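For the sequence shown, our numbering gives the first residue as 1, with consecutive numbering after it.
We put the beta carbon where it would ideally sit given N, CA and C, even for glycine.
Predicted model, so just to flag it, every value in this text is computed and none were measured.
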Amino acid sequence: MPNTSSDPVSVEWWRAAVIYQVYPRSFADASGDGVGDLPGITSRLEHLADLGVDAVWLSPFYRSPQNDAGYDVSDYCDVDPLLGTLDDADALIRRAHELGLRVVVDVVPNHSSSEHKWFQEALAAGPGAPERDRYIFREGRGLDGAKPPNNWLSMFGGPAWTRITEADGTPGPWYLHLFDTTQPDFDWTNPWVADRFDEILRFWFDRGADGFRIDVAHGLAKAPGLPDVDVDPLRTGGEWADDDHPYWSRDEVHDIWRRWRRVAEEYDGDRALVAEAWVRPLNKMALWVRPDELHQAFNFGYLMATWDAAELRAVIDDSLAAFGGVGAPSTWVLSNHDTVRHPFRLSLKEPLPHGIGIGPNSPDRPDEAPALARGRAATLVMLALPGSAYVYQGEELGLPEAIDIPDDARQDPTFFSTPDGVYGRDGCRVPLPWEPDAPAFGFSPTGKSWLPQPASWAEYAAAAQLGVEGSTLEMYKSALTVRREHGLGTGNIAWNESIDDVLDFTVSDVRVVVNMSDEEIPLPHAEVLLASGPITDALPHDTTVWLRA
Ligand code: NOJ
């Protein structure tokens, strides 16, 4: 186990932690079936300890039919056989703790899988049974109830409602699913649901989890009466919503988080809760991390910012002010399993909505080398900022977005639920390359891989970068060392005067200069601690340097 709260080292560890997201299907496959698994993760944990991160966040590994890559959970207290066993989960948590890494697990409270026994019981119990009240069943509109109860759309395309057939063969009511049709939404006004989730939290806290990442933490409360809304998620950027929305960011969710905070506080060791919540503006987002609610929230405002100095500075200031205003640290994140990997995303001519990817026919295909240079420059901004940073697996290798995945290999429900096959999130989920010459680049002993790996990924393999000066992996390692040694995560930021398209700020005793212009600029005279790319006495464009202040 990591230190307990009586040890000063661990006091509120999450305030400045660097947390590495493992996407279990794609990290390392020990069984050889082409899908990553828990023993695979355990076998590679030393990579993360060497990298220098503080914690690991595991995306869902629970029992699941895998229609949404595990975010469709059919048993929250068991491991999917595809990924291992409960003993494997225990072994993973134990090994991580031995290595000094904390473990954050995912919890998916907005919806379960339709294969979850709670939903199956609700279907079987029939009309009017209390089991139906666990989920959101409503009669349809129109003659014979043949139209969905309202006009809400699924995040993956198509209506957010599916009609059931009762046991006697008659058409029944509809159930709500803001995501895939196999992901029915819970009814959080029913105390039965809240009680079950308390048990789930305790189950994983008891097994040693140091925290939870909470899926769709802005979506659990729905407006009474479920009124229509005029939003097409695939056209407007999905889960963002402005005021008074019937299902996003409603005030009623805060009582749920207060309850969860109380559960977390039953345990020692500063257990932490982090919200995946697409809420804007940032000062509204900050409501999720008030002292009696969650500890952290992902800063999607930062993730969505484009590569523009003024925009970046504004979002940094707003974040620190908004989160700081409620006594919470800001978080910073550039990549995750739902978004085009940041070197490519920051190089697109037009920003893409969250959840939408790039595919073979996309007109906007950034070039790999300049995109990587920009991505590395962005990383050295993020890792210098005070607060907690999230690193998505593979970004430490500089992985590009995988664009040329053939249609018949695609897996993301978005591709299948939209009429024209909108490219979803497969490109950022391709299994990691570990060794340049091994089958599946060391991801799997058999060479299988649930999404195809581009042939060019040999050069990105971890083993090909380890110890190589200037490699992306070595840059991340150095950055995390400097960050720790200079206390960047707990420092304060001061902006230095700068010309347009250049960011210049100091945190602790580190001065960070970011050249976002098209031309090189003179490099200030100071000791160079780290640079995101080659420098001389000039700082090339799309390069960040850390200098001793
Ligand atoms: C957010 C998760 O990050 C995403 O991968 C998932 O599809 C949705 N929530 C639904 O659970």
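Distance CB(residue i)-CB(residue j) smaller than 7 Å
i, j, result
"L92", "T42", "yes"
"M382", "W307", "no"
"R63", "D80", "yes"
"V502", "N492", "no"
"F176", "W161", "Here residue 176 turns out to be Leu, not Phe, going by the sequence shown. Yes, the Cβ-Cβ distance between L176 and W161 is below 7 Å."
"L473", "L397", "yes"
"F27", "P413", "no"
"L58", "P24", "yes"
"I521", "L539", "yes"
"A277", "W288", "yes"
"S532", "A377", "yes"
"A272", "W14", "yes"
"P363", "S347", "no"
"P184", "R138", "no"
"A551", "L45", "The structure shown does not extend to residue 551, since the chain is modelled only from 1 to 549, so the question has no answer here."
Buried or exposed by the 16-neighbour rule on C-beta atoms within 10 Å, applied to residue i
i, result
"A428", "For the record, residue 428 in the displayed sequence is Cys; it is not Ala. Looking at its Cβ environment, which holds 16 or more other Cβ atoms inside 10 Å, C428 is buried."
"T236", "With a pLDDT of only 44 at T236, under the threshold of 50, the placement of this residue in the model should not be trusted; the figure read from the coordinates follows. The residue in question, T236, is exposed, as its Cβ has fewer than 16 Cβ neighbours within 10 Å."
"W240", "buried"
"E12", "exposed"
"W557", "Beyond the ends of the chain as shown, which are 1 and 549, falls residue 557; an answer cannot be given."
"D509", "exposed"
"A167", "exposed"
"V601", "The requested residue 601 does not occur in the structure, where the chain is confined to residues 1 to 549."
"W495", "exposed"
"T446", "exposed"
"I405", "buried"
"P171", "exposed"
"K117", "exposed"
"G40", "buried"
"I19", "buried"
"R262", "exposed"
"T379", "buried"
"R141", "exposed"
"P577", "Summary: the structure shown does not reach residue 577, with the chain confined to residues 1 through 549, and so no result is reported for it."
"T543", "buried"
"F203", "exposed"
"T536", "exposed"
"T490", "exposed"
"N361", "exposed"
"E395", "buried"
"P400", "buried"
"S456", "exposed"
"H525", "exposed"
"I499", "exposed"
Check: residue i C-beta below 6 Å from any heavy atom of ligand 1
i, result
"V216", "yes"
"Y71", "yes"
"F212", "no"
"D68", "yes"
"D364", "no"
"D338", "yes"
"F441", "no"
"F137", "no"
"F300", "no"
"F197", "no"
"F119", "no"
"F415", "no"
"F61", "no"
"F203", "no"
"F344", "no"
"F186", "no"
"F505", "no"
"F179", "yes"
### Task
Could you tell me which uninterrupted beta strand (DSSP E) segments, each at least 3 residues in length, are contained entirely in the stretch 162-200, listed from first to last along the chain?
171-176
### Message
Assess contact between the stretch 384-399 and the stretch 482-494, defined as three or more Cβ pairs (one per stretch) separated by less than 8 Å. Is contact present?
### Response
Result yes; three or more Cβ-Cβ pairs closer than 8 Å.
### Task
Jot down the residue ranges of each uninterrupted beta strand (DSSP E) in the stretch 316-352, minimum 3 residues, whole runs only, in chain order.
331-333
### Task
Could you tell me whether the stretch 129-145 touches the stretch 183-197, using the rule of 3 or more Cβ pairs below 8 Å?
yes
### Task
Please list the segments of the alpha helix (DSSP H) lying wholly inside the stretch 69-140, counting only runs of 4 or more residues, in order along the chain.
86-98 and 117-125
### Query
Mind pulling the alpha helix (DSSP H) runs of 4 or more residues that sit fully within the stretch 460-535?
462-465 and 472-485
#### Entry: Whole beta strand (DSSP E) elements within the stretch 244-277, 3-residue minimum
272-275
### Message
I'd like to know if the stretch 457-473 and the stretch 349-369 are in contact, where contact means that at least 3 CB-CB pairs between them fall below 8 Å.
### Response
no
### Message
Within 8 Å, do at least three Cβ pairs link the stretch 318-332 to the stretch 267-287?
### Response
yes
### Query
Three or more beta-carbon pairs under 8 Å between the stretch 248-255 and the stretch 218-230, yes or no?
yes
### Task
Any chance you could list the beta strand (DSSP E) runs of at least 3 consecutive residues sitting entirely within the stretch 370-423, in chain order?
388-392
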